[in-house]
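K.L.:
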Amino acid sequence: MYSRILLALALAVAPLGGAPARALDGDELLRQVDRRLNPESYEMYRKLINIEPDGRSKEYVLYTVKKGRDRMIALFLDPPSEKGRATLRLGDNMWLYIPGVGKPIRITSLQSVVGGIFNNADILSLDYSVEYRVQRLERSAEGYVLDLKARTTAVAYERLVMRVDGESLVPRAIEAYAASGLLIKTLHFRDIRDFGGGVRRPAVIETDSPLHKGYRSVMLFAGIKERALPDEVFTLDYLPRAGELRQPR
Amino acid sequence: MRRRLPLACAALWLAGAAAAQEYSFDVAAFEKKPLELGGRAELRAERVALDPDSALHRLNLYDRAAPAHLDRTAAVLELNGLYRAGSATFQATAHAESASDELDHEDRSRLYEAYVALEPETGTRLEAGKRVLRWGKGYAFNPVAFLERPKDPNDPELAREGFVILGAGVTRSLAGPLAAVSFTPVLVPTDDHINEDFGPGDHWNPGARLALLYRDTDIDLLALGAGARSARYGVAFARNLAPNLEIHGEWARITEASRPVLGPDGAVSTAVADATSYLLGLRHLSRHDVTTILEYYYNGAGYTEAQTRDFFAFVRRAHEAFLATGDAGALERARPATGLRAARAHAPLSLPALELEGAVRYALLHAGAHAHRQSRRPQLLGGAGAAVHRGNRSRAAPAAVPAARRAAHGVRRETERAPPRAAPALLLLRRRLCLGPASVR
Numbered sequence: 001m002y003s004r005i006l007l008a009l010a011l012a013v014a015p016l017g018g019a020p021a022r023a024l025d026g027d028e029l030l031r032q033v034d035r036r037l038n039p040e041s042y043e044m045y046r047k048l049i050n051i052e053p054d055g056r057s058k059e060y061v062l063y064t065v066k067k068g069r070d071r072m073i074a075l076f077l078d079p080p081s082e083k084g085r086a087t088l089r090l091g092d093n094m095w096l097y098i099p100g101v102g103k104p105i106r107i108t109s110l111q112s113v114v115g116g117i118f119n120n121a122d123i124l125s126l127d128y129s130v131e132y133r134v135q136r137l138e139r140s141a142e143g144y145v146l147d148l149k150a151r152t153t154a155v156a157y158e159r160l161v162m163r164v165d166g167e168s169l170v171p172r173a174i175e176a177y178a179a180s181g182l183l184i185k186t187l188h189f190r191d192i193r194d195f196g197g198g199v200r201r202p203a204v205i206e207t208d209s210p211l212h213k214g215y216r217s218v219m220l221f222a223g224i225k226e227r228a229l230p231d232e233v234f235t236l237d238y239l240p241r242a243g244e245l246r247q248p249r
Numbered sequence: 250m251r252r253r254l255p256l257a258c259a260a261l262w263l264a265g266a267a268a269a270q271e272y273s274f275d276v277a278a279f280e281k282k283p284l285e286l287g288g289r290a291e292l293r294a295e296r297v298a299l300d301p302d303s304a305l306h307r308l309n310l311y312d313r314a315a316p317a318h319l320d321r322t323a324a325v326l327e328l329n330g331l332y333r334a335g336s337a338t339f340q341a342t343a344h345a346e347s348a349s350d351e352l353d354h355e356d357r358s359r360l361y362e363a364y365v366a367l368e369p370e371t372g373t374r375l376e377a378g379k380r381v382l383r384w385g386k387g388y389a390f391n392p393v394a395f396l397e398r399p400k401d402p403n404d405p406e407l408a409r410e411g412f413v414i415l416g417a418g419v420t421r422s423l424a425g426p427l428a429a430v431s432f433t434p435v436l437v438p439t440d441d442h443i444n445e446d447f448g449p450g451d452h453w454n455p456g457a458r459l460a461l462l463y464r465d466t467d468i469d470l471l472a473l474g475a476g477a478r479s480a481r482y483g484v485a486f487a488r489n490l491a492p493n494l495e496i497h498g499e500w501a502r503i504t505e506a507s508r509p510v511l512g513p514d515g516a517v518s519t520a521v522a523d524a525t526s527y528l529l530g531l532r533h534l535s536r537h538d539v540t541t542i543l544e545y546y547y548n549g550a551g552y553t554e555a556q557t558r559d560f561f562a563f564v565r566r567a568h569e570a571f572l573a574t575g576d577a578g579a580l581e582r583a584r585p586a587t588g589l590r591a592a593r594a595h596a597p598l599s600l601p602a603l604e605l606e607g608a609v610r611y612a613l614l615h616a617g618a619h620a621h622r623q624s625r626r627p628q629l630l631g632g633a634g635a636a637v638h639r640g641n642r643s644r645a646a647p648a649a650v651p652a653a654r655r656a657a658h659g660v661r662r663e664t665e666r667a668p669p670r671a672a673p674a675l676l677l678l679r680r681r682l683c684l685g686p687a688s689v690r
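Sequence order for the protein chains is X and Z. Using our numbering, read the first sequence as starting at 1 and increasing by one per residue. Using our numbering, read the second sequence as starting at 250 and increasing by one per residue.
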């Protein structure tokens with residue numbers, strides 16, 4: 001509560017303070033948004049649904065663990081044809097493991113590991129504050145609008161416009177733009193739910209894209225909880241056994 | 250109007266029900282269980298063009314009226330299981346395949362893996378049993394794959410079968426430029442009953458891999474001690490040069506490498522000498538999500554260019570002599586020089602196999618491009634690993650047909666112009682390439 005009051009005060013005086021102060025406040029807000037979405041180290045389950053214009057859909061289930069700023073594993077649990085496929089991310093380094101191949105393969109960090117409108121930037125995303133810096137912060141009727149710029153060229157989207165709910169401090173929508181200014185996709189955050197352990201966040205993200213008219217992708221979240229994991233989990237040798245991290249519920 | 254209202258209500262109800270169903274997510278269905286079973290079944294039909302002018306066709310089908318094409322059908326069944334008990338796991342994969350074409354029918358079954366692993370703590374692991382150990386960073390070729398069965402385009406499933414090993418693994422994450430260290434020692438025992446196709450004699454065949462992640466570069470140091478195979482050592486690396494560009498490479502020194510050599514009289518002898526092989530590859534992702542993998546491979550244990558010319562020239566002369574006199578003696582003498590199945594354990598990287606391997610990859614390229622043109626679905630399940638796997642699983646060169654026969658007729662691109670020791674490979678993948686269950690696993 002105190003932090004929210006301090007944040008509101010900071011935002012109120014920000015216009016008087018010039019650009020550097022505003023950028024700092026925006027980054028603080030962005031860090032708060034990150035913590036509202038996930039603990040810094042966590043595990044979670046996600047279902048991805050890719051819906052085609054003719055109504056056909058394809059579903060994937062992923063188990064994800066993350067540690068610290070930039071260590072993450074995403075493991076496919078379903079469909080059976082994808083089961084065991086895992087991606088390890090350490091900063092900008094990324095590896096893909098496919099059971100039939102039998103060894104992790106280094107891939108380019110922009111490589112997409114799943115189709116549909118969601119891509120790596122959504123599936124293997126780190127905290128927004130790690131990958132983006134705040135260019136501009138504005139108040140809106142519903143909360144705040146953050147204009148974010150990618151910190152490096154390894155990030156898939158050059159610019160994000162994030163609309164943050166003033167009450168819950170979680171995103172309501174994120175527009176993703178290419179360096180050319182082209183709108184690539186819009187993420188819509190819905191169904192704020194209490195996952196326990198202090199995690200209260202949207203349980204559904206829907207996305208659409210003017211580049212894929214008629215296609216839709218939906219991401220459902222479940223089982224988000226803080227979890228401490230050994231560093232050795234986030235290594236190439238452990239990647240084939242990432243499924244062992246799951247705990248009986 | 251009265252009729253339309255109930256219809257509209259029904260439509261709304263159905264839409265609501267569909268939306269609710271669309272967003273259901275039962276996590277309990279995916280919880281970890283002590284026993285997991287899986288598998289795949291595949292039916293395959295394919296047409297293979299034969300090249301009657303190729304050396305291998307002349308060697309292996311000189312006495313048969315082979316058709317211009319083979320129409321081949323195959324049925325595959327693969328089962329895998331995993332059982333967990335505390336910190337121990339048992340894992341097994343079995344494969345069975347039946348294939349027929351105009352020339353032959355073959356049934357085959359293999360146990361790819363069956364091993365027990367014990368992991369007392371994260372990062373420390375012991376393993377015993379039949380296990381596939383994949384070493385190297387390359388896609389099409391792996392000079393440092395000291396503990397694998399050779400990649401044989403005439404038997405693509407072979408490389409998926411492991412050896413009986415005793416192994417361990419210790420992994421530690423570190424702070425600083427050296428981010429991770431992993432050491433994997435392994436023993437591959439051989440005698441008349443265990444791993445007899447690894448090499449001759451009773452040996453323990455010690456090997457080891459030291460893997461480092463140093464300044465965002467994967468570095469592997471690998472070695473295999475002398476035993477059933479000659480001693481060999483090597484290094485492999487991979488690194489991202491840019492967000493869309495990766496580079497990888499391997500270098501291997503094989504002591505006392507042996508290979509079959511065809512003499513001027515057609516007699517096959519074994520040449521023994523140290524050999525150096527290497528591979529350099531790039532993986533590039535274009536703005537349009539097209540992944541291109543380009544690799545150059547130099548096989549120091551392969552034929553020299555002169556030996557290659559001699560081989561093709563001899564086969565041509567021997568075939569001409571057979572057509573003129575009916576004497577197939579020279580052709581029969583030359584057949585072991587192909588280094589395919591008969592000499593596999595001792596000459597895993599002989600020239601013809603390399604040429605065919607390259608051909609498989611080119612065929613894969615064409616197949617992938619075709620698949621993309623046919624695809625309108627947005628899901629991507631491809632990725633390079635899948636493509637490698639597709640290659641291994643023989644879209645281009647099916648498995649369950651006798652090796653010599655397939656070597657003879659299977660690959661039309663087998664060419665006498667191919668350089669003997671070097672082989673390029675190019676793979677193109679498209680983000681939206683759709684791979685079904687059968688082609689992914």
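C-beta: ideal position from N, C-alpha, C; glycine also. None of the values given here were measured: they were computed from a predicted structure.
Can you pull the chain Z neighbours of X:A118, defined as C-beta to C-beta under 7 Å?
P.N.:
According to the sequence displayed, residue 118 of chain X carries Phe and not Ala. Per Cβ cutoff of 7 Å: no residues; X:F118 is ~10 Å from chain Z at best.
K.L.:
Using C-beta distances below 8 Å, list every residue in its chain close to X:I172, excluding the 5 sequence neighbours before and after it, in chain order.
P.N.:
This sequence places Arg at residue 172 of chain X; Ile is not what is there. Within the same chain, X:R172 has close Cβ partners E142, G143, R163, V164, D165, H188 and F189.
K.L.:
What did DSSP end up calling Z:R584 once you bin it into helix, strand or coil?
P.N.:
Residue state, collapsed to three classes: helix.
K.L.:
Take the Cβ of Z:A278 as the centre, count every other Cβ of all protein chains shown within 10 Å, and call the residue buried at 16 or more, exposed below.
P.N.:
Classification for Z:A278: exposed.
K.L.:
Going along chain Z in order, which residues have a C-beta closer than 7 Å to the C-beta of X:A179?
P.N.:
Per Cβ cutoff of 7 Å: no residues; X:A179 is ~11 Å from chain Z at best.
K.L.:
For Z:K281, which residues in chain X fall below 8 Å Cβ to Cβ?
P.N.:
G243, E244, R246, Q247 and P248, listed in chain order.
K.L.:
Determine whether the beta carbon atoms of Z:E362 and Z:R383 lie at a separation below 8 Å.
P.N.:
Not in contact: Z:E362 and Z:R383 (Cβ atoms no closer than 8 Å).
K.L.:
Can you list, in chain order, the stretches of the alpha helix (DSSP H) that have 4 or more residues and sit fully within the region 146 to 198 of chain X?
P.N.:
For the region 146 to 198 of chain X, not a single whole alpha helix (DSSP H) run of length 4 or above is found.
K.L.:
Report, in whole angstroms, the separation of the C-beta atoms of X:P99 and Z:G372, which I expect to be a contact under 8 Å.
P.N.:
About 21 Å separates the two Cβ atoms, so there is no contact after all.
K.L.:
Any residues in the region 221 to 234 of chain X with a beta carbon nearer than 9 Å to a beta carbon of chain Z? Which ones, in chain order?
P.N.:
Result list: F221, A222, G223, L229, P230, D231, E232, V233 and F234.
K.L.:
So is X:P248 buried or exposed if we call it buried at 16+ other beta carbons inside 10 Å?
P.N.:
Burial call: exposed.
K.L.:
Which residues in the same chain as Z:A343 place their Cβ atom closer than 6 Å to its Cβ, once the five residues preceding and following it in sequence are excluded?
P.N.:
So the qualifying residues of the chain are L328 and L360.
K.L.:
For Z:P434, tell me which candidate among Z:V413, Z:E295, Z:G456 and Z:P449 has the shortest Cα-Cα distance.
P.N.:
Nearest C-alpha to Z:P434: Z:G456.
K.L.:
For Z:A324, which residues in the same chain have their Cβ closer than 6 Å to its Cβ, ignoring the five residues on either side in sequence?
P.N.:
Only L292 and S347 meet the Cβ criterion.
K.L.:
Buried or exposed: which applies to X:W95, given that a residue is buried once 16 or more other Cβ atoms fall within 10 Å of its Cβ?
P.N.:
X:W95 is buried by the Cβ-count criterion.
K.L.:
Measuring alpha carbon to alpha carbon, tell me which residue in Z:Y272, Z:L299, Z:V297 and Z:L305 is nearest Z:F561.
P.N.:
Measuring from the Cα of Z:F561, the nearest candidate turns out to be Z:L305.
K.L.:
Please confirm if the region 172 to 185 of chain X is in contact with the region 148 to 161 of chain X, defined as three or more CB-CB distances below 8 Å between the two stretches.
P.N.:
Touching, yes.
K.L.:
Give me, in chain order, the residues of the same chain whose beta-carbon lies closer than 7 Å to that of X:P240; leave out the 5 immediate sequence neighbours on both sides.
P.N.:
Result list for X:P240: Y97, in chain order.
K.L.:
Which residues bound the beta strand (DSSP E) around X:Y128?
P.N.:
Segment Y128 to E131 is the alpha helix (DSSP H) holding X:Y128; no beta strand (DSSP E) there.
K.L.:
DSSP three-state call for X:P202: helix, strand or coil?
P.N.:
Looking at X:P202 - three-state DSSP - the assignment turns out to be strand.
K.L.:
Please work out which residues of its chain come closer than 8 Å, Cβ to Cβ, to X:D194, disregarding the five sequence neighbours upstream and downstream, and give them in chain order.
P.N.:
Counting only Cβ-Cβ distances below 8 Å, and skipping sequence neighbours, we find R200.
K.L.:
What number of angstroms, rounded off, separates the C-alpha of X:K225 from the C-alpha of X:E206?
P.N.:
One C-alpha to the other measures close to 22 Å.
K.L.:
Could one say the Cβ of Z:Y272 lies closer than 8 Å to chain X's Cβ atoms, at least one of them?
P.N.:
Closer than 8 Å to some Cβ of chain X, the Cβ of Z:Y272 qualifies, so yes.
K.L.:
Quick check: is the beta carbon of X:P171 nearer than 8 Å to any beta carbon in chain Z?
P.N.:
Not one chain Z Cβ lies under 8 Å of X:P171.
K.L.:
Tell me whether X:N93 sits in a helix, a strand or coil according to DSSP, three-state version.
P.N.:
Three-state DSSP puts X:N93 in a strand.
K.L.:
For the region 75 to 103 of chain X, list every residue whose C-beta sits within 9 Å of some C-beta in chain Z, in sequence order.
P.N.:
Cβ contacts with chain Z come from L77, D78, P79, P80, S81, E82, K83, G84, R85, L90, G91, D92, N93, M94, W95, L96, Y97, I98, P99, G100, V101, G102 and K103.
K.L.:
In chain Z, which residues lie less than 7 Å from X:M176 when you measure between Cβ atoms?
P.N.:
Correcting the residue identity first, residue 176 of chain X is Ala in this sequence and not Met. What X:A176 touches in chain Z: nothing, since even the nearest Cβ is about 16 Å away.
K.L.:
For Z:H354, count neighbouring C-beta atoms within 10 Å of its own C-beta (all shown protein chains included) and say buried if the count is 16 or more, exposed if not.
P.N.:
Exposed is the call here.
K.L.:
Which complete alpha helix (DSSP H) runs does the region 508 to 576 of chain Z hold, if anything under 4 residues is left out?
P.N.:
Listed in chain order, the complete alpha helix (DSSP H) runs (minimum 4 residues) inside the region 508 to 576 of chain Z are 554 to 574.
K.L.:
Cα separation between Z:R488 and X:I107?
P.N.:
Going from the Cα of Z:R488 to the Cα of X:I107 covers about 9 Å.
K.L.:
Since X:S41 and X:A242 should fall inside the 8 Å C-beta cutoff, what is the C-beta to C-beta distance between them, to a whole number of angstroms?
P.N.:
15 Å between Cβ atoms; not a contact.
K.L.:
Whole-angstrom Cβ separation of X:Y132 and X:R151, contact assumed at under 8 Å?
P.N.:
Yes, X:Y132 and X:R151 are in contact; Cβ-Cβ is about 6 Å, under 8 Å.
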